[in-house]
Structure formats: structure tokens, C-alpha cells
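Since the structure comes first, as C-alpha cells, the remarks are kept for the end.
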Amino acid sequence: MFPADLLYTKDHEWIRAAGDGTAVVGITHYAQEALGDVVFVDLPEVGATIGQGEEFGTVESVKTVSELNLPAAGEVLAVNETLADHPEAVNEDPYGAGWMVKVRLSGGLDGLLDPTAYAALVSAESH
Amino acid sequence: MSELMKTPLNAAHRALNAKMVDFGGWDMPVQYPAGILAEHEAVRTRAGLFDVSHMGEIRVKGPGALALIEHLTPNAVSQLVIGQIHYTAFLYENGTFVDDLLVYREGEEEFLLVVNAGNCDKDFAWVQTHAPAFDCTVVNESPATGQIALQGPRSLAILQPLTETPLDPIGYYFFTHGQVAGVPCLISRTGYTGEDGFELYCAAADAPKVWDAVMAAGTPQGLLPAGLGCRNTLRLECKMALYGHEIDDTIHALEAGLGWIVKLDKGPFIGRDALLAAKAAPAARKLVGFKTLEKRDIARDHMPVVKDGAPVGFVTSGAPSPTCGINLGLAYVPTDQAVLGGRFQIEIRGRAVDAEIIRTPFYKRQK
Chain A
10 MFPADLLYTK DHEWIRAAGD GTAVVGITHY AQEALGDVVF VDLPEVGATI
60 GQGEEFGTVE SVKTVSELNL PAAGEVLAVN ETLADHPEAV NEDPYGAGWM
110 VKVRLSGGLD GLLDPTAYAA LVSAESH
Chain B
794 MSELMKTPLN AAHRALNAKM VDFGGWDMPV QYPAGILAEH EAVRTRAGLF
844 DVSHMGEIRV KGPGALALIE HLTPNAVSQL VIGQIHYTAF LYENGTFVDD
894 LLVYREGEEE FLLVVNAGNC DKDFAWVQTH APAFDCTVVN ESPATGQIAL
944 QGPRSLAILQ PLTETPLDPI GYYFFTHGQV AGVPCLISRT GYTGEDGFEL
994 YCAAADAPKV WDAVMAAGTP QGLLPAGLGC RNTLRLECKM ALYGHEIDDT
1044 IHALEAGLGW IVKLDKGPFI GRDALLAAKA APAARKLVGF KTLEKRDIAR
1094 DHMPVVKDGA PVGFVTSGAP SPTCGINLGL AYVPTDQAVL GGRFQIEIRG
1144 RAVDAEIIRT PFYKRQK
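Protein chains in written order, with our numbering: chain A, 10 to 136; chain B, 794 to 1160.
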């Protein structure tokens, strides 16, 4: 539930750095489970520059809405267009087909949680 | 934090891997692993099973019972025949809501009042306060009572094999007593989903036996256990009021569109004078149903309704509608703007988005 190749935020986003200065971002399994059925994901324009921890979109479930914050500063290179018609991918495959944005990193990956630290955070929140 | 209250079916929900939430102090299932959309669809097309044991039951009995309930509620209790139910409310003197409730006529001098879980203590105190002037006893049976709602078009087919009581003759908003899976139950043809269905009241200790029997009988027919998440989307599609949203102690019965439960000519009752005055002077605001025009715009409870940038009302309930496939809501808007096809705006996280007033209920089942 906490893939080893990802870094995490306290707000339950994940980021996968490719090693070429780009990274892919989504929300965690824990986040999608807490939201329930996702019905809409509002994503930014390609080309937008967004700072670390700043809002890049929102995710709407049947029950509630949640802000999406970018784990690391960057420029949006691509958004996951398939979520427009298949928002359920966020529930079904949060670390894969449910990805949300691809960014070119403009800063570091400071202040993020490794899988062990994130697992501890989730464990604390769910008890 | 104080310990959450548990219904007699708490262990059953956990065994089904329900997602549990704090619902007004109760540890309740918001959804099961199938999810809100699947549970909603099951209720609309097959059947869903809800634990509503958190609801409150207050029994009023004695020669003065009828007069007490006539005094406390706006609907015409004397019109109920034994075995019949109606929807009504407890109102304050100013016509606003203490709570909404169902009244079951058990006998000439015996009634069962079914009230919201979160208001049960307040309601019981309210009835007790007014009871001494009437010759009757008032008992809060909530802790001893389990309640299970079987809802959906296959409800009758699922339930009938579990009881010798003929279910088909029970009319909508009527009830009877009988055994279900060997457990004595009050069998009520009511619900909060807009579908056909039954609400079963039994001793709390027997609730798991009834739950398990209905689950076993219903699962082959496509029944799913259903949580409070889809209970909300189901009732919203049918424009059924929810206390704390469409109705509360700041909104009176006529504004809420519940004039049909207010029988002003039945004689005196608490709130009558205020509602008579309100009827003479049209309400400044009205509850309307709306849809937002863009897929991304999902209105949520308490969001402001704005006109030319100024707040003129508020959203009481809002959600994406699983059945209708659009984003729906209910809102109080100024009466002069409350016309079908009328447009207004809702402020969603700083953006004013367009909404259109549409006909309600949003969903009506084919009979």
C-alpha cells in the first residue's frame, strides 16, 4: 500500500521522480479510500507553474471534495486526460492509471515523507 | 472524546469491512467495500439493506396519547387508522423545527414516534415536558430497539419468504406486526430512498438475526448492504428533508415546502399561530431544487447562493446524483427568484458558478 519508489506528503499525495528532472503526482491508496467513489478530478492547465505545497486541483467524491497540493515545485507538463471520463481510476489504481499530473521539477524534494514515515502517519491517523 | 454509541449490528458492519464514521455520536457505516455508487444503484435497481437502529423510538400510550400528539405535531393524527403511519414534525411556537418524525398508530390510545437519532434526547425531553397535561405514559424505547431498512424494487420478493405475514397487502405508509426469520417485528412499508421497501423494528438483541436472514435471502437477488453515504444521495434525489440541512430550528414548515404536513384547520397545535401568520404573508425564501451546469461544479451543503456577488441564500444539500448523472442540490433562495428554469449562482471555493432551478423530486420511481 506504500510503494517504495514514491515519496509522500502529510496530505496524502505521492510523487514519483523519474530521475530526468520530471515527476508524476497522484493521491495515495489511503486518500482514495477516505474519499470514496471519485466522480471528478479538476486538474491544472499544462504549462502552469505551481509551488511546493500549493493547490494544483481538486478531487470530488460522491461525499466530499478535497484539495490537491503539489508535493514539489514544478511546471505542469501533462495532466491525466483519461480521468475526465474515468475518474474511478483514482480509486482502482491510485499509484498507476489514477495518476494526476506530470511536472518538470523546479526545486528539490525536501520535506517529503519516505514510505516508512508515511506508513507511520497513516497508521496514526487510522487509529 | 466520549465513546461512540454502537447499534446492535456494529459487529456485523465490521465483519463486512464497512467504513465506519462518527455520525452524530454513533459509530455507523458510511459505506461498505462496494462503495456509495454501487450501493446507490443496488437500491434503485435491486435492493439494499440499511442499519438504522440509531433512529429513536418513543412510545406514547394512554387515554390522552392522541390529544398529546395532536398538540405536538401539525399533521392530523386523528385521521390515522390503526396500522397507518404519517410523516410529521415537532414544531416550536415560531413554526420552526424541533425535529421531523413518523407517527405510527398502534391502537386507539397508543402511538410510536420515530425520530432522528441526533435529536432523540431533545425530542424525548420535549414530549415529556408537554405530557403531564395529558393522561398518558411516554417511554423512550430507542436503546431496546433495532431497526433495519430493506429498500429497493426486489424488497418484497426478498422479504416474503422470511415471513408468514402477507406483505403485498401492506400499503405504502402502513404497517403490521409479524415474525421475520422467527423474530417478532413491526413491519412497516416505509423508507427514505424513494423506492418500495420495508422498515423492520425488533428487539435490539434480535436485530443481528434479522439482518443475517435478510442478507442471506437477498444476496442471491443482488442485495447489497448499504451505508449512510448512499442513504443521503438516495433521499436527496427524492427531495426528502434531512434535519440539520433542509429543516432546523431557524426554518419554518412552510418555507421548507412541508405545507402538506400542516393541517391548520385541525385545531390548536404548537406552532399553529406562527404558521397562520406565515401563510398570510408569503415567505421571503423558498426551498428549490437545482442542477449546476458544469460537470466540475458540485455544490455542497452550506455553500452560499449569490446574486450579483451578494449572498441571497444557501445550499442545504448538494451532491453528484448517481441516478440522474448530474450535480444536484437543494437551496433556499428568495421567493421571487424561485421559479422553474430560473438561474442563480453558487459560490464554490471562491468561484461563482451557474445553477438552474429544476423540477423536484429529481427522481421518481416508475410504479
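Idealized CB from N, CA, C, for every residue including glycine.
Since the model is a prediction, treat every value here as computed from it, not as a measurement.
Check                                                                                                                        : Outcome
Nearest neighbour of F65 of chain A, chosen from A:K72, A:V50, A:G45 [CA to CA]                                              : A:V50
Length of the line joining the Cα atoms of C1023 of chain B and E834 of chain B                                              : 9 Å
Close-in-space but distant-in-sequence residues of the same chain around R1028 of chain B (CB under 8 Å, 5 per side omitted) : Y985, T986, G987, L1035
Backbone CA spacing between A996 of chain B and C978 of chain B [nearest angstrom]                                           : 8 Å
Nearest neighbour of F11 of chain A, chosen from A:G120, A:G105, A:L114 [CA to CA]                                           : A:G105
Closer than 9 Å at the beta carbon, the chain B residues around G107 of chain A                                              : The premise fails here: G107 of chain A is roughly 15 Å from chain B at the closest Cβ pair, so nothing lies under 9 Å.
Sub-7 Å separation of Q940 of chain B and M848 of chain B beta-carbons                                                       : yes
Inter-residue Cα distance where the pair is V110 of chain A and L960 of chain B                                              : 55 Å
Meets three-Cβ-pair contact criterion under 8 Å: the region 1060-1068 of chain B and the region 863-872 of chain B           : yes
Selection from A:G83, A:A82, A:D102 that minimises the alpha carbon distance to T91 of chain A                               : A:D102
Within-7 Å CB hit, K111 of chain A to chain B                                                                                : no
Endpoints, beta strand (DSSP E) assigned at V112 of chain A                                                                  : 110-114
Chain-ordered residues of the region 1088-1101 of chain B with a beta carbon less than 7 Å from chain A                      : K1088, R1089, I1091, R1093
Supposed close pair A1145 of chain B, V1099 of chain B - CB separation, criterion 8 Å                                        : 6 Å
Residue range of the unbroken beta strand (DSSP E) whose run includes A942 of chain B                                        : 938-944
Reference L861 of chain B; option with closest CA among B:F816, B:W919, B:H879                                               : B:W919
Other residues of its chain near T930 of chain B: CB distance less than 7 Å, five sequence neighbours each side excluded     : K854, G855
Chain-ordered neighbours of F49 of chain A on chain B, where CB pairs are closer than 7 Å                                    : K1088, R1089, I1091
Selection of the region 67-79 of chain A by Cβ proximity to chain B, strictly under 7 Å                                      : E69, V71, K72, V74
Candidates B:A1124, B:S935, B:Y880, B:R982: closest to V1055 of chain B by CA position                                       : B:Y880
Contact under 7 Å by Cβ, V836 of chain B with Q944 of chain B                                                                : yes
7 Å Cβ cutoff, F45 of chain A in contact with chain B                                                                        : Note that residue 45 of chain A is Gly in the sequence shown here, rather than Phe. G45 of chain A counts as touching chain B.
7 Å Cβ cutoff met for R852 of chain B and Q877 of chain B                                                                    : no
Ordered list of beta strand (DSSP E) runs contained in the region 1111-1149 of chain B, each at least 3 residues             : 1120-1127, 1136-1141
G817 of chain B beta carbon less than 7 Å from that of G911 of chain B                                                       : yes
Residue-chain proximity (L1017 of chain B, chain A), Cβ-Cβ < 7 Å                                                             : no
Cβ neighbours of Q1138 of chain B in the same chain (closer than 8 Å, five flanking residues each side left out)             : V1098, V1099, K1100, A1145, V1146, D1147, A1148
Nearest-angstrom Cα separation, counted from G45 of chain A out to I829 of chain B                                           : 7 Å
Under 7 Å by beta carbon: chain A residues contacting A792 of chain B                                                        : In the structure as shown, chain B begins at 794 and stops at 1160. Residue 792 of chain B is therefore absent and cannot be evaluated.
Where G1022 of chain B meets chain A, residues with beta-carbon distance less than 8 Å                                       : G45, V71, K72
Buried/exposed call for W1053 of chain B, threshold 16 Cβ in 10 Å                                                            : exposed
Residues within the region 819-831 of chain B neighbouring chain A, beta-carbon criterion of under 9 Å                       : V823, Q824, G828, I829, L830, A831
Continuous beta strand (DSSP E) stretch holding N78 of chain A: start and end                                                : 74-78
Beta-carbon proximity check, E992 of chain B vs E934 of chain B, cutoff 7 Å                                                  : no
Cβ shell of S871 of chain B (< 6 Å), same chain only, five flanking positions each side left out                             : none
Strand pairing of V932 of chain B, partner residues [DSSP]                                                                   : B:R852
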